[in-house]
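Worksheet: the structure to be examined is printed underneath.
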Amino acid sequence: MKISIIIPSYNQGRYLEETLRSVIDQKYPALELIVIDGGSTDNSTDIIKKYEKHISYWVSEKDKGQSDAINKGFRRATGEIITWLCSDDLLMPGSLHKVADHFSSLPDEAGLIHGGVVVFKENKDVTTDFGYLAPSLERYISGMAFSQPSAFFKKKYYDRAGGRVSEDLHYGMDHDLFCRMALVCRFYPVNDVLARYRLHDDSKSVTRQNEFIIDWCKTFVNFCRNAGWEKEYEQLCAVSPFREAMNYFHPYGFTFSLPGNTDRKKTLFYHLCYQLRALYAGGNIKAAKKIAHYLKDHYPEPWLDNEKLVPHIRSRLKWPAFMLLLIRKIKGAD
-8 MKISIIIPSY NQGRYLEETL RSVIDQKYPA LELIVIDGGS TDNSTDIIKK
42 YEKHISYWVS EKDKGQSDAI NKGFRRATGE IITWLCSDDL LMPGSLHKVA
92 DHFSSLPDEA GLIHGGVVVF KENKDVTTDF GYLAPSLERY ISGMAFSQPS
142 AFFKKKYYDR AGGRVSEDLH YGMDHDLFCR MALVCRFYPV NDVLARYRLH
192 DDSKSVTRQN EFIIDWCKTF VNFCRNAGWE KEYEQLCAVS PFREAMNYFH
242 PYGFTFSLPG NTDRKKTLFY HLCYQLRALY AGGNIKAAKK IAHYLKDHYP
292 EPWLDNEKLV PHIRSRLKWP AFMLLLIRKI KGAD
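Take the sequence shown: its letter number 177 is residue 168 in this note's numbering, and every next letter is one higher.
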């Protein structure tokens, strides 16, 4: 089973060699390794040339950002299974063999598997994250239910879901792709830790948290409009602070039908909980309170009690905003 790994990179020379080694050292016999460099001005091309014999294709040229680079790589990919690995992340030893074994044992409708990642910073492991352990379709549509480096998927379903990463999304393009793919195939969580996800001062997940949730909101708005979920779209417009996302629309360009038992109310609930967590983490207390009040007024209390971090956030939001912000500043985000 051929597996294609795309590594998009730009001026990540300090991490790139370790990333390349994590893929090459898999010793996977049917590997297609593609590196798309955005015209780096550091030592990236020297590192790429060092491992050139292990790389199926590489290029270093100016591009329009990470999403463009990923698309360039996928257009070159010929593997049955594909994914991308950011140039500061790593594959766990033996991951590709495990991925191939999982797909070999699953039915053809299995289009994507996702496992766990070790989150680390400065060579120190912070946590192991599997996302949601048994995500439903509603969860996959509403936001990122798993970490992107842990995901591997079949190219035929990627093609069926549009065959592209949205190039106008620079932070949440993975959720947009996986939302579309969830409409045309089945996702399977697996119990293996497949990747290591690096945190550092320049990483997007550290410096651009607000942009991620805006892109997730755009993705959910786009889904609602493509799926004809007018009521849910209107409800989202009424409560979300991300006004710039509300007019986002790109026709999918493929047909899909949702299962008849898809819970539209719960899908919106999950998405609003993503927004609540992001707003609270970002210190936007006023907007977080608005969503918290909406959730309280429109959803059953057991849903709220069982949603990740929501009970803690609701409890903290009872405090005056100035006091909450002061305590968060003193103690760090909590």
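Glycine included, C-beta positions come from ideal geometry on N, C-alpha and C.
From a predicted model like this one, the values you see are computed outputs, not experimental measurements.
Scanning Ile276, Arg305, Glu221 for the CA closest to the CA of Leu317 turns up Ile276.
Sixteen is the threshold: since fewer than 16 other Cβ atoms of the shown chains lie within 10 Å of the Cβ of His303, the residue is exposed. Burial of Ala236 is indicated by the presence of at least 16 other C-beta atoms within 10 angstroms of its C-beta. Distance from Met(-8) to Ala91 at the Cβ level is roughly 5 Å; contact confirmed, criterion being Cβ atoms closer than 8 Å. Lys309 counts as exposed, since fewer than 16 other beta carbons sit within 10 angstroms of its beta carbon. Taking a contact to require three or more Cβ pairs closer than 8 Å, the segment 100 to 107 and the segment 115 to 128 qualify as touching. Just so you know, the alpha carbons of Ile(-2) and Lys287 end up roughly 43 Å apart. The count of Cβ pairs closer than 8 Å, one atom from the segment 54 to 71 and one from the segment 34 to 42, stays below three, leaving the stretches out of contact.
Annotated as proximal: Val156 and Leu168, with beta-carbon spacing under 8 Å.
Across the set Leu190, Lys146, Lys299, Asp296, the C-alpha of Lys146 shows the shortest separation from the C-alpha of Val175. Taking a 10 Å sphere around the C-beta of Lys18, we find fewer than 16 other C-beta atoms and assign the residue as exposed. Under DSSP, the beta-bridge partners assigned to Gly107 are Val184. Contact check between the segment 94 to 104 and the segment 42 to 53: fewer than three CB pairs, one atom from each, fall below 8 Å, which does not count as touching.
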